[in-house]
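In my numbering, the protein residues as written are 24 to 338.
Even for Gly, the Cβ is constructed at its ideal location relative to N, Cα and C.
If you're wondering where the values come from, they're calculated on a predicted model, not measured in any experiment.
Here the structure is laid out as structure tokens; the discussion comes afterwards.
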């Protein structure tokens, strides 16, 4: 579905009047470009919304597309705030400054400063705390630009503005749900193995080592003759040297692809209490498989999996 840029100019002109509080319909080139991007952002929001978007076979007027898209932007902003507020009561930062600053300091600033009318594509935050699934907020393959690309403003990224924040918070909510199945002290102990100064200097994702160790314990339990219902393996993400030896024996002759195939059902078991979380967390499987293979080949599996000499049982 294509629309010409010139047909959007009347909408931009109306926004310009609102932008100057009715004092003028003349704005700088930079402001006019930003307002055009705001119009395009809202139109794309309408076009790509599968639930409240355009009915099949219809060819709505640009004004209708913009109005509906602008409404969707505001609704998504309210939904994102609801998700954020649902996270806060059960949020633990585990002493990690980057995690705490991004979620508890940065995110409230977004909801105070975000402008869904004039700058809906500006998400304001750098989101320094990364998600476990590094592609979660970069997946825009389903979004088709409704406007021609020639001789017009640079097209907006499918995940900017509230689209990015909404997807980021949905992902964080799943990660918080997963982390909350473990005692905070246990996660802190694991993180001290990962990086003794993690509280101030750790810039990666907290779920990444926790899920890696949880999945590794499940695979070790399976190698020892148990199954994925072994609660002990699910509830304490701290590996022992004995468990590493079980994994080494199990995967000694396995290639990365074979290890990955075994890891995916273990991930699904680890996140089974979180509705719809499987596909999100499964994205880590290939990276975990590479790590385990490297640990076996380099005789450093205990280091790769942050193992200790503490004895634990699967029962």
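Notebook entry, point to check: How close, in whole Å, do the beta carbons of residue 103 and residue 195 come, if the pair is a contact with beta carbons under 8 Å?
Noted result: So it is not a contact: roughly 11 Å between Cβ atoms.
Margin query: Rounding to the nearest angstrom, what Cα-Cα distance links residue 132 and residue 107 in this structure?
Written below: In a straight line, the C-alpha of residue 132 is about 12 Å away from that of residue 107.
Note to self: Between 97, 67, 110, which has its C-alpha nearest residue 83's C-alpha?
What the structure shows: 67
Notebook entry, point to check: Is the region 270-280 touching the region 308-324 in the sense that three or more CB pairs, one from each, lie closer than 8 Å?
Noted result: With the rule of 3 Cβ pairs closer than 8 Å, the region 308-324 counts as touching the region 270-280.
Notebook entry, point to check: Based on the DSSP output, what are the partners of residue 331 in its beta bridges?
Noted result: Looking at the DSSP assignment, residue 331 forms a beta bridge with 263.
Notebook entry, point to check: Where does residue 139 sit, in a helix, a strand or coil, going by DSSP?
Noted result: coil
Note to self: Within a Cβ cutoff of 7 Å, which residues of the same chain sit near residue 227, ignoring the five residues on either side of it in sequence?
What the structure shows: 153
Note to self: Check whether the region 214-227 and the region 289-300 are in contact - that is, three or more C-beta pairs closer than 8 Å.
What the structure shows: no
Notebook entry, point to check: What did DSSP end up calling residue 228 once you bin it into helix, strand or coil?
Noted result: coil
Note to self: If the criterion is Cβ atoms closer than 8 Å, does the pair residue 234 and residue 293 meet it?
What the structure shows: yes
Check: Just how far apart, CA to CA, sit residue 115 and residue 134?
Finding: 21 Å
Checklist line | residue 200 vs residue 297 beta-carbon contact at 8 Å | finding: yes
Margin query: The alpha helix (DSSP H) that contains residue 94, what's its start and end?
Written below: For residue 94, the enclosing alpha helix (DSSP H) begins and ends at 85-110.
Note to self: Once DSSP output is grouped into helix, strand and coil, what is the label at residue 273?
What the structure shows: helix
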